[in-house]
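Trainee: Chains as they are written, first to last, in our numbering: chain E, 1 to 340; chain Y, 1001 to 1340. Would you mind keeping the following structure in view while I ask a few things?
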């Protein structure tokens, strides 16, 4: 089958990989309808993480081709959305709402969904079938649910967004924009998007942002304080993962407020612990337990209550994946969908 | 009046300071009945923080001598307990349960309560009168409520301790021990105290610890995992504040679990952010909002439901403060009460 391979940083090829097949009785093999490029795929692309003939991709929607003998909740022919983390769905951690920390958790990235097909282990605990075959117009939004929407939603939930709350969003990438959408859906009173890019500001406004702040770092945090009577936001979504952005989030949050922390922090990034301590905020985050939210998010998409698919501002066939990576790297695109 | 002064690291004198007096109409002046030495007082004592003829002390109980014109909730003659952070009690942050982040917050340390008297600003928002004059036997426990009990209680609350939960406590100083007591009071099913000192282990057991773990760092976290079916504790109290202890807490917590973070983190302490991210825990802490808990804690002490005062294993007159500091520094005492 055709699959995206990162031969080395900045070297994307679409080559041949062996077709996946059922290995465990809990597996499913799906034929992808669409997949996409994640901000986190840019880390190896930029050489910040290693890349050596690495299969790429962890976001996916598609049609089930085959299931293992013990799979009961999805069947061949079903259109499915899955989380970017494999989860069994039955262990104590899954049942407590943290499938992303399942005792069997594996990142789907290791399976490479920027490809024609993918094997998905623990299909019952990882995949959710849609109510039927979606119209083409719903595919981008369903694909977004696989990671970027689920992650933004988790960030807003972790930041305890709700009615009457002022929310600040650090990061204007796809996850930050989905955080804006989630905050609006969860009833936030005021949503402050922190962004310097006109196209992203526009989409943030479309998704519900009431204010835009262009300052960053300590200045950005000071501006949030200014906009909130000196107190800081009740809820802050951190969707970058650097020391600067996490400190910006910490200092933009009021004492006792909540940070939803979903920007992937890389090895070597250090946080000054005293600044976290004295800010006295709640911090919660990590790889989003997307599977927890999928049934609700799929329904909202199916009912056309939300349109997260707009975050894909460039769509290319899988064969042009290299151009997709370049466009995201050069910030010519917010997020790139790859079709099959 | 007599007062403890840290002339320089390791140089404690009990000298003369000017008597405090009412400055603002919201002030009270109290005559101290007892005060104590905090683990955090050892930082300047050990030269980790500066000390230059610094008045010391931030924990206190005593009798109100005089109040400013606008004070309404305490009056001369009242026996009072106060938080180690000044708070107004009426701002939005105080009303949300975070008096330690009050818009008027000041650390009482700046006022120096290891002294015969102290001025306490924002008396209405900071002090709580006891139901009457306490017996001498209740004084240590009421004094503990001023910081160390309130802090341990906050840690347990922030760690979402409750029935059915397994709690691990990192740090066997006075705050950690109070965390054990709070966990027991909040209904924890299992309380694992991490301690290497026989006297502290014994007190931890007395306060409700069901297990003792002597390993530290990564080994300590691994031991907690072992004791919890590989998952980690639901709730972890971090009562040290170093990189090692915070990582120990993070890795001892199950995915989606909660850390109550009350070990004072000092400038320069860095936390590897990726380890916090991928652990996917809830982290909440900082200077404890003791004032929030004081009414409840005072009542529990008054009703003799809890006896936190046992944490003081050495009592000295104020004049012998130097010996008290030395005893805590050398770990001959867990916590030292100073009487007046």
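Glycine included, C-beta positions come from ideal geometry on N, C-alpha and C.
#1: List in chain order: all unbroken alpha helix (DSSP H) runs of 4+ residues lying wholly within the stretch 202-285 of chain E.
#2: With a floor of 4 residues, list each alpha helix (DSSP H) that falls wholly inside the stretch 46-107 of chain E, ordered by position along the chain.
#3: Could you name the residues of the stretch 1259-1275 of chain Y whose beta carbon sits closer than 9 Å to any beta carbon of chain E, in the order they occur along the chain?
#4: Closer than 7 Å, Cβ to Cβ, to anything on chain Y: give me those residues from the stretch 82-101 of chain E, in chain order.
#5: Would residue 309(E) and residue 154(E) qualify as a contact pair, given that the criterion is a beta-carbon distance under 8 Å?
#6: For a cutoff of 8 Å on Cβ pairs, would you count residue 282(E) as touching chain Y?
#7: Given 8 Å as the limit, is there contact between the stretch 264-274 of chain E and the stretch 1266-1284 of chain Y, that is, 3 or more CB pairs closer than that?
#8: Could you list which residues in chain Y have their beta carbon closer than 9 Å to that of residue 287(E), in chain order?
#9: Is residue 322(E) helix, strand or coil by DSSP?
#10: In its own chain, which residues sit with a C-beta less than 7 Å from the C-beta of residue 185(E), not counting the 5 before and 5 after it?
#11: Quick one: which chain E residues come within Cβ less than 7 Å of residue 1254(Y)?
#12: Could you compute how far the alpha carbon of residue 1287(Y) sits from the alpha carbon of residue 147(E)?
#13: For residue 299(E), count neighbouring Cβ atoms within 10 angstroms of its own Cβ and tell me buried if that reaches 16, exposed if not.
#14: Does any C-beta atom of chain Y lie closer than 8 Å to the C-beta of residue 231(E)?
#15: Determine the extent of the alpha helix (DSSP H) in which residue 314(E) is found, giving its start and end residues.
#16: So is residue 1246(Y) in contact with chain E if we call contact Cβ pairs under 8 Å?
#17: Closer than 8 Å is the cut-off here; do at least three beta carbon pairs connect the stretch 322-335 of chain E with the stretch 196-205 of chain E?
#18: Name the one or two DSSP bridge partners that residue 1011(Y) has.
#19: Would you call the CB atoms of residue 370(E) and residue 79(E) closer than 8 Å?
#20: Helix, strand or coil, according to DSSP, for residue 1034(Y) in the structure here?
#21: Counting along the chain, where does the alpha helix (DSSP H) carrying residue 139(E) start and finish?
#22: Assuming residue 158(E) contacts residue 183(E) under a Cβ cut-off of 8 Å, what Cβ separation, rounded to an integer in Å, is found between them?
#23: Buried or exposed: where does residue 107(E) fall if 16 or more other Cβ atoms within 10 Å of its Cβ makes it buried?
#24: Around the Cβ of residue 136(E), are there at least 16 other Cβ atoms within 10 angstroms (buried) or fewer (exposed)?
#25: Buried or exposed for residue 1069(Y), please, with buried defined as at least 16 other CB atoms from any protein chain shown within 10 angstroms of its CB.
#26: State the start and end residues of the unbroken beta strand (DSSP E) segment that holds residue 1339(Y).
#27: Please classify residue 1030(Y) as buried or exposed, where buried requires at least 16 neighbouring CB atoms within 10 angstroms.
#28: Would you kindly check if the distance between the Cβ of residue 1170(Y) and the Cβ of residue 1239(Y) is under 8 Å?
#29: Give the DSSP bridge partners of residue 166(E), in chain order.
#30: How big is the Cα-Cα spacing for residue 1296(Y) and residue 304(E)?
#31: Under the three-state reduction of DSSP, which class applies to residue 1021(Y): helix, strand or coil?
#32: Would you check if the stretch 319-328 of chain E and the stretch 28-44 of chain E touch, i.e. whether three or more CB-CB distances between them fall below 8 Å?
#33: Of the residues 242(E), 229(E) and 73(E), which one's Cα is nearest the Cα of residue 1091(Y)?
#34: At what residues does the alpha helix (DSSP H) containing residue 1292(Y) begin and finish?
Mentor: Result, derived from the coordinates:
#1: 217-227, 243-252 and 273-279
#2: 92-95
#3: 1261, 1262, 1263, 1264, 1265, 1266, 1267, 1268, 1269, 1270, 1271, 1272, 1273, 1274 and 1275
#4: Under the 7 Å Cβ criterion, the stretch 82-101 of chain E contributes 92, 93, 96, 97, 98, 100 and 101.
#5: no
#6: With 8 Å as the cut-off, residue 282(E) counts as an interface residue toward chain Y.
#7: yes
#8: 1277, 1278 and 1280
#9: helix
#10: 306
#11: 93
#12: Rounded to whole angstroms, residue 1287(Y) to residue 147(E) spans 36 Å at the Cα level.
#13: exposed
#14: yes
#15: Where residue 314(E) is concerned, there is no enclosing alpha helix (DSSP H), although the beta strand (DSSP E) it sits in stretches over 314-317.
#16: yes
#17: yes
#18: Partner(s): 1008(Y).
#19: No answer is possible for residue 370(E): the residues shown for chain E start at 1 and end at 340.
#20: strand
#21: 139-145
#22: That pair is no contact at about 12 Å.
#23: exposed
#24: Classification of residue 136(E): exposed, given that the 10 Å Cβ count is below 16.
#25: exposed
#26: 1336-1339
#27: Buried, by the Cβ-count rule.
#28: In this structure, residue 1170(Y) lies closer than 8 Å to residue 1239(Y) by Cβ.
#29: 190(E)
#30: 49 Å
#31: Note: residue 1021(Y) maps to coil in three-state DSSP.
#32: The answer is yes - the stretch 319-328 of chain E touches the stretch 28-44 of chain E, with three or more Cβ pairs under 8 Å.
#33: 229(E)
#34: According to the DSSP assignment, residue 1292(Y) belongs to the alpha helix (DSSP H) that extends over 1290-1302.
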